[in-house]
Structures are given as C-alpha cells and as structure tokens.
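The opening residue of the sequence shown carries number 2 in the working numbering; numbering runs sequentially from there.
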Amino acid sequence: MPLTKIAFAPGIDKQDTEYGAAGRWTDSDFVRFRYGLPEKIGGWIYLVSDSLIGVARDMHAWTDLDGVRYTAIGTDRKLYVYTEGVVYDITPIRRTSGTLTNPFATVNNSATVTVTDSGHGAEVGDFVTFSDSTTNNVVNNLEMNAQFQITSVTNASTYTVTYTNSSGTSTLADATGNGGGSVTATYQISVGTAVSQYGYGWGTYQWGKEAWGTARSSSNVTIEGRNWSFDNFGEDLLATVNNGSTFRWDTSAGPGTPAAVVSSAPTVSRFNLVSMPDRHTFLFGTETTIGSGTTQDSLFLRFSSQESFSDWTPSSSNTAGSFRIQDGSKIITAVRSRNAVLVWTDTSLNALQFVGAPFTFNLTQIGANCGAVSLHSAVDVNGTAFWMSQNSFYKFDGAISKMPCSVQDYVFEDFSITNQPETYAAVNSEFNEVTWFYTSNDATQIDRFVTYNYLEDCWATGSLARTTWQDYGVYQKPYATEYLTTATGTTPAAFGVTVGATSLYQHETGTDNVTAGIPAFIESGDFDIADGQPFLHIGRGIPNFKNLSGSVDLKLNFKSYPSSSSVTSATRTVTSTTDKFDLRGRGRQANIRIESDAAGDNWRYGTLRLDVQPDGGR
2 MPLTKIAFAP
12 GIDKQDTEYG
22 AAGRWTDSDF
32 VRFRYGLPEK
42 IGGWIYLVSD
52 SLIGVARDMH
62 AWTDLDGVRY
72 TAIGTDRKLY
82 VYTEGVVYDI
92 TPIRRTSGTL
102 TNPFATVNNS
112 ATVTVTDSGH
122 GAEVGDFVTF
132 SDSTTNNVVN
142 NLEMNAQFQI
152 TSVTNASTYT
162 VTYTNSSGTS
172 TLADATGNGG
182 GSVTATYQIS
192 VGTAVSQYGY
202 GWGTYQWGKE
212 AWGTARSSSN
222 VTIEGRNWSF
232 DNFGEDLLAT
242 VNNGSTFRWD
252 TSAGPGTPAA
262 VVSSAPTVSR
272 FNLVSMPDRH
282 TFLFGTETTI
292 GSGTTQDSLF
302 LRFSSQESFS
312 DWTPSSSNTA
322 GSFRIQDGSK
332 IITAVRSRNA
342 VLVWTDTSLN
352 ALQFVGAPFT
362 FNLTQIGANC
372 GAVSLHSAVD
382 VNGTAFWMSQ
392 NSFYKFDGAI
402 SKMPCSVQDY
412 VFEDFSITNQ
422 PETYAAVNSE
432 FNEVTWFYTS
442 NDATQIDRFV
452 TYNYLEDCWA
462 TGSLARTTWQ
472 DYGVYQKPYA
482 TEYLTTATGT
492 TPAAFGVTVG
502 ATSLYQHETG
512 TDNVTAGIPA
522 FIESGDFDIA
532 DGQPFLHIGR
542 GIPNFKNLSG
552 SVDLKLNFKS
562 YPSSSSVTSA
572 TRTVTSTTDK
582 FDLRGRGRQA
592 NIRIESDAAG
602 DNWRYGTLRL
612 DVQPDGGR
C-alpha cells in the first residue's frame, strides 16, 4: 500500500480539542520550533558550582571600559556580581555599629548566640558580619568573625544568630558566658520576601469585614516579593530594589566592594532605567518630594539631569524633571524601544520621547487596557516590544496589537494571580524566541514557560523553571537562574542561612542538564481517514529525523472516539540507523508522540510516513 506523509504545522495548539487540532501539535516540553520543525532544546551547565542565597529576580550583563564582563544578580536576600568565573557579594550596607564590647552570649551545648547591639534595627533574616582586631574572635568554641543570617529578634537591643553552616552542621558552644572583646557589626540592607502574597493584615481588605484586631482571612491586595532592576550608567551599575533605594556599584572599586546608596536620589522607587542616547536616569513609581518616602506615588516618575545619576532636583540649569501618568493604578515596567522609553502601567502603555529643551521629554499615552503584568514581563527585540498582560500577549511595532496565541487559555487559566509579579520575560535571540517564565496555580514559584517564536509566529509550552535570564551578547551563551526551595545557598559563606538557593547556568550548551538527560517530548493532534468513518490500520512506518543522536521513542496512540479514555499504543525506538519499523495498530483516530530522556539524546523531527489503510471495525 502507498505510504502517507503525516505532516503537522509548527507550534503548539491548545485552544482546540485533540481531534479538532488535526494537523497540529498539541503538547510539548523542552521543545522549540525551528525552520517549522520541532526539536529538543539545548542543554545547560553550571556556570559556577556555588549557589546563591535566596531566589534571583533579575539579571543584567555589561562590559566595562577595559573589556571586563560583569553580570549583576539580585535575590530576595542579596545583591551579587559575577565576573571572571567568581561570584561576589556586593549587597549594600545599611548600618555599621560602633565598637561593641563583649556582645556575644552563649549557652553550653547550644549553637545559638545572643548578640547585644543597642538600636541595631535588624529584622529576622537580615545579614550581619562581625569583625574585631583578633584573628578569629573565638567565644566559647565559636569563631565569631563571620557573616550570619539573623535567626530571631528579641528587642531593639538584642537578637540571636545560629552557628550552623550551609550543610546543616552546627557547632556548639562549650561554655555559658559572654565574650567577643571589641567588635564591629556590619549590617546589610534588610531582606525581602521570596514570593508575592495576598495581604491579610490591617488595611488590606474591607473595613469591618471581620473581627476587630484580627488579621483578614481574605484580601484583594497583593504584597509584592523582593525584586530588583538594573541598568548601566557608563561602566557602573545602578540597582534599585523595588519600593526601596537606588544603589550604585562602582566597577573601579573592585568586585569585593558593596554597592552604595545614591544619596541624592529619591529614597523610594519601584525601578530604574537609563535612557539612550541622551543618558537620563529614570526612577519610576517614586516619591513626589525627594527624601520623603511617605510621598511615594506609584504613577509618578522622575528623571535626573542629563549625564547624571545624582542630580534630581529640577532647576533652570539642568534637565531634571518629572511626570505623573494618568491611566492606571501603578507603573509596572519600562523598556527602551524605537527612540523612546515605553512605560507600562497596569492598564496602559505610554511613550517617553526625548525632545530637548525646554521640556526635555514628551509623555504620550499610546494604548489603553493593555497593561503589563510584572516588572520583567516586557522586552524589546529590534524595535518591537513584546509583553504579557493579565490575560493576553501584546506587541508594539508602531501600533499595539493583541497577539493571536494558540496556547492562551492554557496559560491564563492556570496563571497564579498571587505570583504574577514574579513573571520574567526572556529573549533568546539565537533562536528568535521570547519566553515568559511564570507560576502556575498549584505552585508558589515559577514552574512553567510559554515561548513565542517571533520569526516563525508559533508558540510552545513547557516546564523549564527559570527565575531570570540574560540573552547572549556580552557572553557567547545565555545565562539563567533556577530557584531550589530545599537547597541552602553556599556563597558567601554564612552561618544560620535558611533554605532557598539559586543555581546559575549557562544555556544552549550540550544536550543535557547538569546531572542527566532532558525529558523532552512533543505530541500531535488526532488524525484519521474519511472523517473517522472507517477504522484505520497502521502496519509500518518510515521515520525521518535531522541531527538525531542517541535515540527517541516514537509512539503511536489509537482510540475509537475523540473523547475515548481507552487508548492503545505502539512504541518503537528510533535511532539514526532506523530505516523503517513494523507495527500493528488500529482505531478511528491516531496521534504520534516523540520523546527522549537519556543523556546525549538530541533530535530535530523531520516527518513521518505511515502505511495507513482503512479497516473494518466491530
């Protein structure tokens, strides 16, 4: 009998039923589309063996004037810079104590140390580093010249730390007593929360809804987790912690130097961006009165004087200024695009264009009901902006358009409302892809992705969990981060660190993940003959793959009706030397599934020819 070529259009279609999606692919994981064909994605390796403390929320790469490459990574607990194969802790310093005298109190056979420092201002989870003039500062068997995460806060003068390392091993004091000599305590800026959450406390829900003095059991207010935004001013890094201060890290000071607050800048902002080529520094969702955090307005933005990150007060001799956006409840994000800075609120898209004196910038609203969902949900690719809203995907290439999406219901019906602020958009320009990493309803951290190939206009979905991404450019391969909820960060070395760590990867490298093969698969919609009137019988097949190494399992699934739960399958293993395979399978409908999971497996699907014949049925 003649062979029939079984062809499928590129992209995943989850808007239709499996039967309605005939001629299309309906499900996949760890698969992309290239040249119209599905292929397994590239592998990844550890960039460094150490893990970072906390969950990474932004990543940014740049090069200094000497050609040295840097990558900034901000977590809910730390600010890091990676350079030349080493990760450094550059978290800003909040406070340095005066000289403390014998501030440590221990209890025999306990790993807990009570610290006395009047007016410390620390919170549970903050980091403190102790130092003195002695070599080790050993107090009852505990060497206290080290960094600690604060375990508990007793009052304004005392708190506790725990002498437990990243492996979970505790060292116990061998006596009860005080000590330490002359000690300096250096406190980093307070940590944030790892995830967003609904607010249940005072003022977060309807007045009088529940009993006076109790926390609310329901709420419509989302408290955002710790996030960061990064940009460069020249060769230096500007870092803004959401709803907090803006810091500068001076590359000339060396990678071991903490970032320092920009003292003349607004004290509270949502995020920053530097416009190009005019070089104005923007702070969005910032304060209307500089130096007064209580005047923060989520729709208010400021820009510094040209060629300055420190001159913020408007005058006749500078170009500093401000705007307030009218449409929306808060500014969400902004990107540089098409000679303008695009600014999204939760409901609108606006454009800031540099016009020079006397107005400096012109602000224009260019779209309504098209807001962005998170700080990192919008990207620009060669002058076209792509973004994710609360219920759709959009692009702007001179005009705003809602993007047709063949997986829209699948994504947005299982999109965690609480964790929308963590959504992260990533560009992989080598493969013409924009990917949004997001959190599903049953998860508390990013666990899924949806990818759009903007050159071939098709979509893919999967379970790769990445909290940040940096496209190639500064480096030859993309970098990304993964959050491990049960691991403990190892850099910097610190005692008492609570669980939650970030691994740093180099992607599109090899064929595997760092420990094993990648479980990739793709599955088609149903196909039949004569609209399913007769049964079909498949007796043999001729596979066709490009770049096949290792093997794939090619599975044919058969069923009698589109909604039938009874499925029979026939699986054949295909290698680069497989010319054909024989099988016996029958049903009114059939589909194919291609999968691989062993180390070294790699493939791009070509086509499949099957011996399909009508068959009687009983």
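Cβ atoms here follow ideal geometry from the backbone N, Cα and C, with glycine treated the same way.
Predicted, not measured: the structure shown is a model, and the values here were computed from it.
- prompt: Can we say the segment 588-595 touches the segment 505-513, given the rule of at least three CB pairs closer than 8 Å?
  reply: no
task: Work out the CA separation of Phe432 and Gly204 for me, nearest whole Å.
output: Reliability of the predicted coordinates at Gly204 is poor, the pLDDT of 46 falling under 50, and the value obtained from them is presented with this limitation in mind. Their backbone Cα atoms lie some 47 Å apart in a straight line.
Proximity of Arg58 and Thr419 at Cβ, strictly below 8 Å: no
message: Nearest by alpha-carbon distance to Thr346: which of Gln354, Val336, Ile7 is it?
response: Val336
Close-in-space but distant-in-sequence residues of the same chain around Phe31 (CB under 7 Å, 5 per side omitted): Lys41, Ile42, Gly463, Leu465, Ile519, Pro520, Ala521
Helix, strand or coil at Gly661 [DSSP, three-state]: Outside the displayed range of the chain (2 to 619) lies residue 661, so it cannot be described from this structure.
message: What does the Cβ neighbour count give for Arg449, buried or exposed, with the cut at 16 atoms within 10 Å?
response: buried
query: Any heavy atom of the ligand SAH closer than 7 Å to the Cβ of Ile42?
result: Because no ligand of any kind appears in the structure shown, any question about the ligand SAH cannot be addressed here.
message: Check whether the segment 12-30 and the segment 58-71 are in contact - that is, three or more C-beta pairs closer than 8 Å.
response: no
task: Just tell me which of Gly178, Arg280, Asp328, Gly329 has its CA closest to the CA of Ser309.
output: Arg280
message: Which of the three DSSP states is assigned to Tyr71 in this structure?
response: strand
Cβ neighbours of Thr161 in the same chain (closer than 6 Å, five flanking residues each side left out): Thr113, Thr115, Thr152, Ser153
message: Using a 10 Å radius around the Cβ and a threshold of 16 neighbouring Cβ atoms, would you call Trp252 buried or exposed?
response: Rather than Trp, the amino acid found at residue 252 in this sequence is Thr. Result: buried.
- prompt: Do Thr93 and Ala195 have their C-beta atoms closer together than 8 Å?
  reply: Reading the sequence as shown, one finds Pro at residue 93 and not Thr. Taking 8 Å as the Cβ cut-off, Pro93 and Ala195 do not qualify as a contacting pair.
query: Using a C-beta cutoff of 8 Å, does Gly607 count as contacting chain C?
result: Considering every chain present, this structure includes no chain C. It has just one protein chain.
task: Taking all protein chains shown into account, decide if Met145 is buried (16 or more other Cβ within 10 angstroms of its Cβ) or exposed.
output: buried
message: For the beta strand (DSSP E) containing Tyr606, name the first residue and the last one.
response: 603-616
message: Suppose the cutoff is 6 Å on Cβ atoms and the five residues either side in sequence are ignored; what does the same chain contact list for Val613 look like?
response: Thr5, Leu537, Ile539
- request: Output the distance between the C-alpha atoms of Ser119 and Leu80, rounded to the nearest integer angstrom.
  value: 27 Å
- prompt: Is DSSP giving Ser253 helix, strand or coil here?
  reply: helix
message: On the DSSP letters alone, give me the boundaries of the beta strand (DSSP E) that Val242 sits inside.
response: 237-242
field: Assigned secondary structure, Thr295 (DSSP; H/G/I helix, E/B strand, else coil)
entry: helix
field: Inter-residue spacing [alpha-carbon to alpha-carbon] between Leu505 and Ser390
entry: 28 Å
message: By the three-class DSSP mapping on this structure, what secondary structure does Glu423 have?
response: helix
Buried versus exposed, by CB contacts within 10 Å (16 or more), Gly286: buried
query: Under the DSSP definition of a beta bridge, which residues are partnered with His61?
result: Ala73
field: Beta-carbon proximity of Thr107 to Ser183, cut-off 8 Å
entry: no
- request: Per DSSP, which residues does Gly37 bridge with? Please list them.
  value: For Gly37, which the question treats as bridged, DSSP gives no partner whatsoever.
field: One or two residues paired with Phe324 in a DSSP bridge
entry: Leu302
field: Gln410 (DSSP reduced to helix, strand or coil)
entry: Residue identity differs from the one stated: residue 410 is Asp in this sequence, not Gln. The answer is helix: DSSP assigns Asp410 an H, G or I state.
Closest residue to Tyr669 among Gly75, Arg70, Gly21 (Cα-Cα distance): Residue 669 falls outside the range modelled here, since the chain spans only 2 to 619, and no answer is possible.
query: How should Val139 be labelled, buried or exposed, when 16 other C-beta atoms within 10 angstroms of its C-beta is the threshold for buried?
result: exposed
task: Count the other CB atoms, across all protein chains shown, that sit within 10 Å of the CB of Gly193; report buried if there are 16 or more and exposed otherwise.
output: buried
task: Check Phe432 in the structure and name its three-state DSSP category.
output: helix
task: With DSSP as the reference, label Asp347 as helix, strand or coil.
output: coil
- request: For Asp14, name the three-state secondary structure that DSSP assigns.
  value: coil
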